[in-house]
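Working notes, structure below.
Residue numbers (our numbering), protein chains in the order written: chain A, 314 to 549; chain B, 314 to 549.
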């Protein structure tokens, strides 16, 4: 971890410990430099990172302010990237329904940018949040990147293992979502009725070298899932 | 618009015109500098912006590559921020159901960070995509920021007017979403049945100075709405 990344984490801790709220002002640059004992360029990079992450916003000529989603029980839409901290406030557990090495479906091969004869790990899990079904998840991991998986790992955080155990660097992801009605199988897994609403999300996760390594299809229980998302003006 | 922002737009055009696909490599820095006749620091800033926007990804020591969601018919989850270009491929029209100046609900006042006695524009619209109902939208605009609105403006793009007509600078937004069942009124507006699924999205849009100016509640027609979203590794 680079210094400015560590300082960014320290500033986040500062915000939490001081219980700063949305629109509260952070100390001026000079004070932050002194407090964290770093140069101006480091603190600037830390603040830029925190702005990208949606933790602060900077108003030119006015200062740096806290940005804080403040709705309890909402999950970051991007948290299944293994952004652990976000899920820490929830008690998320997993039940592995199936785990096998196989050839990918045509759809999975396409999204993983591999041939259909290349092997993948297929993992089907039910995930629980505070003891209730959160989602049904089917994932295809490119075996040439994710070289090993087992049930014990899959019952915990696979992303944690991929990063810490395998040392892979997770980069960007593309997410597709729509709403539909549950089919019979999905309803059974989630403890709901056929025809009930579902949020269906497909994600393609890439390594920092641009190679997709995980294609996941997730069906959420509408009763126990609500999401938040922070957008920045640079997308305009 | 600053120079690097203009060059970023030019590079996006270049990608489109050359029909570059996901994982295609961009010309090296020196070539881009020569082609667009700008300095290294400008081209670097342009590429950083494009990376934030999810248009390219950079692989250290290897180059800059194209990132391109390639599913037709998917709307950027952030497109109702007025990111017009994204909606251009769709034919989106609006029918104004109601437009009035009034005092906000308690919920709207809270989300707009104003007192309940301050006035807002309340706008209720049905939005259509390619002639079919896309969503039912209820918005509250802080009248001290959005000083004027009428039905004609509301039947077009309100965000375009806010930025171009009123000269306001749109900053970041916070989005909350969940899935539920349509009630009778919503179903009637969308031409669906009571109990059918819905995606329900609440957004709080802020100016660059951090002041919220728009609180919107949008109910999507699950048959005609599917979304994509790009996430970057900096959130990890």
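Just so it is clear, CB atoms sit at the ideal spot from N, CA and C, and this is done for glycine as well. The structure displayed is predicted, hence computed values, not measured ones.
Rounded separation between residue 552 of chain B and residue 419 of chain B - CA only
A query on residue 552 of chain B cannot be resolved here, the shown segment of chain B reaching from 314 to 549 and no further.
Does the beta carbon of residue 491 of chain A sit closer than 7 angstroms to a beta carbon anywhere in chain B?
Taking the first residue of the first chain as position 1, residue 491 of chain A is located at position 178. By this cut-off, residue 491 of chain A is an interface position.
Can you give me the Cβ contacts of residue 393 of chain A inside the same chain, cut-off strictly under 6 angstroms, excluding the 5 residues immediately before and after it?
For the purposes of this step, residue 393 of chain A is taken as the residue at position 80 of the first chain. In this predicted model, residue 393 of chain A has a pLDDT of only 48, less than 50, meaning its place in the structure is not dependable enough to derive any value.
Beta-carbon neighbours of residue 544 of chain B, restricted to chain A and to distances below 7 angstroms:
Indexing the second chain from 1 puts residue 544 of chain B at position 231. Correct list: 391, 394, 485, 486, 488.
Taking 7 angstroms as the CB-CB limit, is residue 537 of chain A close to chain B?
Counting from 1 along the first chain, the entry for residue 537 of chain A is found at position 224. Closer than 7 angstroms to the CB of residue 537 of chain A there is not a single CB belonging to chain B.
Kindly say whether residue 316 of chain A, judged by its beta-carbon, lies nearer than 7 angstroms to any beta-carbon of chain B.
Residue 316 of chain A sits at position 3 when you count from the first residue of the first chain. Not an interface residue.
Can you tell me the Cα-Cα spacing of residue 522 of chain A and residue 371 of chain B, whole angstroms?
Numbered from its first residue, the first chain carries residue 522 of chain A at position 209. Numbered from its first residue, the second chain carries residue 371 of chain B at position 58. Straight-line Cα distance between these residues: approximately 8 angstroms.
Taking any Cβ of chain A, which residues in the region 415-436 of chain B have a Cβ under 8 angstroms from it, in chain order?
426
Exposed or buried, what is residue 385 of chain A when buried is set at 16 or more other beta-carbons lying within 10 Å of its beta-carbon?
To locate residue 385 of chain A, count along the first chain from 1; it is residue 72. Label assigned to residue 385 of chain A: exposed.
Whose C-alpha, out of A/505, A/428, A/415, A/454, is nearest the C-alpha of residue 483 of chain A?
Translated into positions along the first chain, residue 483 of chain A becomes position 170. Looking at A/505, A/428, A/415, A/454, the one whose alpha-carbon comes closest to that of residue 483 of chain A is A/454.
Who are residue 347 of chain A's beta bridge partners in DSSP?
Numbered from 1 along the first chain, position 34 holds the residue referred to as residue 347 of chain A. For residue 347 of chain A, which the question treats as bridged, DSSP gives no partner whatsoever.
Shortest alpha-carbon distance to residue 339 of chain B belongs to which of B/518, B/377, B/414?
As a position in the second chain, residue 339 of chain B is number 26, starting the count at 1. Checked all of B/518, B/377, B/414; the closest Cα to residue 339 of chain B is B/377.
Kindly indicate the opening and closing residues of the alpha helix (DSSP H) around residue 316 of chain A.
Locating residue 316 of chain A in the first chain gives position 3, counting from the first residue. Looking at the DSSP string, the run of the alpha helix (DSSP H) that includes residue 316 of chain A is 316-330.
Check the Cβ of residue 372 of chain A against every Cβ in chain B and list those closer than 8 angstroms, keeping chain order.
Looking up residue 372 of chain A in the first chain gives position 59. Residues of chain B passing the Cβ test: 521, 522, 523.
Put residue 523 of chain A into one of helix, strand or coil per three-state DSSP.
Counting from 1 along the first chain, the entry for residue 523 of chain A is found at position 210. Looking at residue 523 of chain A - three-state DSSP - the assignment turns out to be coil, as it is neither helix nor strand.
For residue 541 of chain B and chain A, any beta-carbon pair shorter than 7 angstroms?
Looking up residue 541 of chain B in the second chain gives position 228. Residue 541 of chain B counts as touching chain A.
Out of curiosity, what's the CA-to-CA distance linking residue 412 of chain A and residue 511 of chain A?
Here residue 412 of chain A corresponds to residue number 99 of the first chain, with the count starting at 1. Here residue 511 of chain A corresponds to residue number 198 of the first chain, with the count starting at 1. Counting only the Cα atoms, residue 511 of chain A lies some 24 angstroms from residue 412 of chain A.
Near-chain A residues of the region 496-512 of chain B (beta-carbon distance less than 9 angstroms), N- to C-terminal order
Residues of the region 496-512 of chain B with a Cβ closer than 9 angstroms to any Cβ of chain A, in chain order: 508, 509, 510, 511, 512.
Kindly confirm or deny that the region 343-358 of chain B and the region 317-325 of chain B touch, where touching means at least three C-beta pairs closer than 8 angstroms.
yes
Which parts of the region 482-533 of chain B are runs of the beta strand (DSSP E), unbroken and 3 residues or longer, counting only runs that do not cross its ends?
Assignment of beta strand (DSSP E) within the region 482-533 of chain B, counting only whole runs of 3 or more residues, yields 483-494, 510-520 in chain order.
Taking a cut of 9 angstroms between CB atoms, which residues from the region 330-344 of chain A lie near chain B?
When CB distances to chain B are screened at a threshold of 9 angstroms, the residues of the region 330-344 of chain A falling below it are 335, 336, in chain order.
Output, in chain order, the set of chain B residues within a Cβ distance shorter than 7 angstroms of residue 387 of chain A.
Counting from 1 along the first chain, the entry for residue 387 of chain A is found at position 74. Result: 489.
To the nearest angstrom, how far is the alpha carbon of residue 486 of chain B from that of residue 517 of chain B?
Along the second chain, read from residue 1 onward, the residue named residue 486 of chain B stands at position 173. Along the second chain, read from residue 1 onward, the residue named residue 517 of chain B stands at position 204. Rounded to whole angstroms, residue 486 of chain B to residue 517 of chain B spans 5 angstroms at the Cα level.
Which word fits residue 367 of chain A, buried or exposed, when buried means at least 16 other C-beta atoms lie within 10 angstroms of its C-beta?
Position 54 of the first chain, counted from the start, is the residue given in the question as residue 367 of chain A. By the 10 Å Cβ count, residue 367 of chain A comes out buried.
Here's the rule I'm using: 16 or more other beta-carbon atoms within 10 Å means buried, otherwise exposed. How should residue 353 of chain B be labelled?
To locate residue 353 of chain B, count along the second chain from 1; it is residue 40. The residue in question, residue 353 of chain B, is exposed, as its Cβ has fewer than 16 Cβ neighbours within 10 Å.
Count the other CB atoms within 10 Å of the CB of residue 456 of chain B; is the residue buried (16 or more) or exposed (fewer)?
Locating residue 456 of chain B in the second chain gives position 143, counting from the first residue. Buried, because 16 or more other Cβ atoms sit within 10 Å of the Cβ of residue 456 of chain B.
Between the CA atoms of residue 379 of chain A and residue 369 of chain A - distance to the nearest angstrom
Counted from its first residue, the first chain places residue 369 of chain A at position 56. Counted from its first residue, the first chain places residue 379 of chain A at position 66. Approximately 4 angstroms between the Cα atoms of the pair.
On a CA-only basis, which of B/496, B/515, B/513, B/415 is nearest residue 507 of chain B? Give me that one, please.
Translated into the one-based positions of the second chain, residue 507 of chain B becomes position 194. Considering only alpha carbons, the answer is B/496.
For residue 445 of chain A, three-class secondary structure by DSSP
For the purposes of this step, residue 445 of chain A is taken as residue 132 along the first chain, with counting starting at 1. Reduced to three states, the DSSP call for residue 445 of chain A is strand.
Please tell me whether residue 378 of chain A has its Cβ less than 7 angstroms away from any Cβ of chain B.
Here residue 378 of chain A corresponds to residue number 65 of the first chain, with the count starting at 1. It does; some Cβ of chain B falls within 7 angstroms.
When the Cα atoms are used, what is the spatial distance from residue 444 of chain A to residue 500 of chain A?
Taking the first residue of the first chain as 1, we reach residue 444 of chain A at position 131. Taking the first residue of the first chain as 1, we reach residue 500 of chain A at position 187. Going by the C-alpha atoms only, they are around 17 angstroms apart.
I'd like the list of long-range same chain contacts for residue 489 of chain B, defined as Cβ closer than 6 angstroms, with 5 residues on each side in sequence excluded.
On the second chain, position 176 is the one that residue 489 of chain B refers to. Excluding sequence neighbours, residue 489 of chain B sits near 515.
State yes or no: is the beta carbon of residue 382 of chain A nearer than 7 angstroms to at least one beta carbon in chain B?
Counting from one through the first chain, the residue named residue 382 of chain A turns up at place 69. Cβ-Cβ to chain B under 7 angstroms: yes for residue 382 of chain A.
Any beta carbon of chain B sitting closer than 7 angstroms to that of residue 358 of chain A?
Within the first chain, numbered from 1, the residue matching residue 358 of chain A stands at position 45. So no, residue 358 of chain A is outside the interface.
Roughly how many angstroms lie between the CA atoms of residue 458 of chain B and residue 491 of chain B, to the nearest whole one?
The residue given as residue 458 of chain B occupies position 145 in the second chain. The residue given as residue 491 of chain B occupies position 178 in the second chain. Cα-Cα distance, rounded: 29 angstroms.
For residue 429 of chain B, collect the residues of the same chain with a Cβ closer than 7 angstroms to its Cβ; drop the 5 residues on either side in sequence, then sort them by chain order.
The count along the second chain starts at 1 and reaches residue 429 of chain B at position 116. Excluding sequence neighbours, residue 429 of chain B sits near 416, 417, 419, 422.
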